[in-house]
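This note's numbering runs 1219 ahead of the 1-based position in the sequence shown.
Glycine is no exception: its CB is placed at the ideal position from the N, C-alpha and C atoms.
This report refers to the structure that appears directly beneath it.
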Amino acid sequence: MHRTRADAAIEAIEQARAACAKAQASGNTEQILRADKALLRATDRYQEISGGRPPDRRGE
1220 MHRTRADAAI EAIEQARAAC AKAQASGNTE QILRADKALL RATDRYQEIS
1270 GGRPPDRRGE
């Protein structure tokens, strides 16, 4: 199956969500801010590509 740009963007969002959870667990404020910023960029990228909201964590 061919991987689309939207698929890549969704994968980036999932990775950024995981990084946010890890950063929050660490309690490192600087790491949390970097992870949040990465998640915002990934979400913006998905919206730019697809014109819509990314699926939530359950894939809906």
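- The C-alpha of Arg1253 lies about 10 Å from the C-alpha of Ala1235.
- By the beta-carbon neighbour count (other beta carbons within 10 angstroms, threshold 16), Ala1242 is buried.
- Of Arg1224, Ile1251, Gly1270, Arg1272, the smallest CA-CA separation from Ala1237 is found for Ile1251.
- Contact between Tyr1265 and Ala1240 does not hold, since the beta-carbon distance rounds to 19 Å and is not under 8 Å.
- Ranked by Cα distance from Ala1257, the options Ala1231, Asp1275, Asp1226 are led by Ala1231.
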